[in-house]
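> Have a look at this one.
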Amino acid sequence: MASSPLPPAGSAVIRTKNLSHSFGEGELRSQILHNLNFQVEAGEVTLLVGPSGSGKSTLLTLIGALRSVEAGSLQVLGEELCGASEQARVQIRRRIGFIFQSHNLVSSLTVLQNVQLLLQLRQPDPQQRVRQATALLEAVGLGHRLHHYPEELSGGQRQRVAIARALAPEPELILADEPTASLDSQSGKDVVELLGNLCRNRGSAVLLVTHDLRLLNDADRIWRIEDGCINRWTPDAAELALH
Ligand SMILES: Nc1ncnc2c1ncn2[C@@H]1O[C@H](COP(=O)(O)OP(=O)(O)OP(=O)(O)O)[C@@H](O)[C@H]1O
Ligand SMILES: [Mg+2]
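Structural data, given as structure tokens:
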């Protein structure tokens, strides 16, 4: 299967207009996201920060077409998700790489087999699949762990397998929800640097939800959600110096 062409660097991969979201019905209804207007550009690492419960994961699941968009406009990879059919949402999901904190690696498969699994749809030649999966795992520093099982790896190594797996189908957009939460400081920085390098080289976009303010220096752009609203955030020099 041919991969879809990547958007040119600097073009919007995600664009919202007055995007809102509520949970619950009747008296229990509570609005979590209020008229969000923001965008995420190709070729950039964008951080999404904000207090616990502010709606970061909810927003990520809307963008990932894992939840229906009810109010406002949300365009992802050129497709409008508000009012999109389940079939259209499945199509969009196939174009996105997901990295969530629970790695969801298949425990009965080796590291190499886990990454190959994601190549099956697009690469019919098994030898090519092995070559591509090996190259990705080498790029994330796991060339020496190809035949290990997930349980034999450290948390940081598992997270790097999850990254290699998310990158395998060459997605135009990668969504990551707290990918560094279980990692020590250096591993966390390494993971973000790796995502940044791999994505900038390919011109795809990374949207990364994090509480980890140590990553502020590694992002191209930062958006902050608070009280249901989103704003561009530029940490001042003092904040950056702290991390
Ligand atoms: N399925 C749901 N049904 C009802 N309320 C929900 C649901 N999912 C999330 N919420 C509520 O929406 C709000 C935002 O949750 P969300 O998980 O998006 O926050 P978050 O910013 O990711 O928080 P954290 O940083 O702790 O992960 C919270 O008040 C949460 O209780
Ligand atoms: Mg969350």
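Letter by letter, the sequence shown follows residues 40 to 282 of this note's numbering.
Cβ coordinates follow ideal geometry from the N, Cα and C atoms, glycine included.
What is the rounded straight-line gap between the Cα of residue 52 and the Cα of residue 83?
Against the sequence shown, residue 52 aligns to sequence position 13. Against the sequence shown, residue 83 aligns to sequence position 44. Using only the alpha carbons, I get a separation of about 10 Å.
> Find out if the Cβ-Cβ distance for the pair residue 179, residue 202 is shorter than 8 Å.
Within the sequence shown, numbered from 1, the residue matching residue 179 stands at position 140. Within the sequence shown, numbered from 1, the residue matching residue 202 stands at position 163. Cβ distance < 8 Å, so residue 179 and residue 202 count as in contact.
> What are the complete beta strand (DSSP E) segments, minimum 3 residues, inside the segment 104-183?
Taking only runs of at least 3 residues, the beta strand (DSSP E) segments lying wholly in the segment 104-183 are 110-115 and 135-139.
> Given residue 153, which residues of its chain have a CB within under 8 Å of its CB, disregarding the five upstream and five downstream residues?
Your numbering for residue 153 matches position 114 in the sequence shown. The answer, listed in chain order, is 144, 145, 189, 200 and 204.
> Alpha carbon to alpha carbon, how far is residue 269 from residue 165? Give it in angstroms, no decimals.
Position 126 of the sequence shown, counted from the start, is the residue given in the question as residue 165. Position 230 of the sequence shown, counted from the start, is the residue given in the question as residue 269. If you take the alpha carbons of residue 165 and residue 269, they lie about 45 Å apart.
> How big is the Cα-Cα spacing for residue 40 and residue 157?
By 1-based counting over the sequence shown, the position of residue 40 is 1. By 1-based counting over the sequence shown, the position of residue 157 is 118. For residue 40, the pLDDT reaches just 42, beneath the cut-off of 50, and the residue's location in the model is therefore unreliable, although a value from the coordinates is still provided. If I take the Cα positions, the gap works out to 13 Å.
> Taking the alpha helix (DSSP H) that residue 232 belongs to, which residues open and close that run?
Here residue 232 refers to the residue found at position 193 of the sequence shown. Counting along the chain, the alpha helix (DSSP H) containing residue 232 begins and ends at 224-241.
> At the level of alpha carbons, what is the spacing between residue 91 and residue 150?
Within the sequence shown, numbered from 1, the residue matching residue 91 stands at position 52. Within the sequence shown, numbered from 1, the residue matching residue 150 stands at position 111. Residue 91 and residue 150: Cα-Cα distance of roughly 32 Å.
> Between residue 238 and residue 248, which are expected to be in contact by the criterion C-beta below 8 Å, what is the C-beta distance as a whole number of angstroms?
Against the sequence shown, residue 238 aligns to sequence position 199. Against the sequence shown, residue 248 aligns to sequence position 209. With 8 Å as the limit, residue 238 and residue 248 do not qualify as a contact, their Cβ atoms being about 16 Å apart.
> Hey, how far is the Cα of residue 42 from the Cα of residue 160?
In the sequence shown, counting from the first residue as 1, residue 42 sits at position 3. In the sequence shown, counting from the first residue as 1, residue 160 sits at position 121. The predicted position of residue 42 is uncertain, since its pLDDT is 49 and thus under 50; a value taken from the coordinates is nonetheless stated next. One C-alpha to the other measures close to 11 Å.
> If residue 260 and residue 85 are in contact, beta carbons under 8 Å, what's the gap, nearest whole angstrom?
As a first step, residue 260 is located in the sequence shown; it is residue number 221 there, counting from the start. As a first step, residue 85 is located in the sequence shown; it is residue number 46 there, counting from the start. Right, their Cβ atoms sit about 5 Å apart.
> Kindly confirm or deny that the segment 52-65 and the segment 218-229 touch, where touching means at least three C-beta pairs closer than 8 Å.
Counting Cβ pairs under 8 Å, fewer than three are found: no touch.
> Name the residue from 74, 211, 127 and 63 whose alpha carbon lies nearest to the alpha carbon of residue 135.
Translated into the one-based positions of the sequence shown, residue 135 becomes position 96. Closest option to residue 135, Cα to Cα, is 211.
> Can you tell me where the alpha helix (DSSP H) holding residue 284 begins and where it ends?
Because the chain in this structure spans residues 40 to 282, residue 284 falls outside the shown range and cannot be described.
> Would you check whether ligand 2 has a heavy atom nearer than 7 Å to the C-beta of residue 243?
Residue mapping note: residue 243 aligns to position 204 of the sequence shown, counting from 1. Not under cutoff, so the answer is no.
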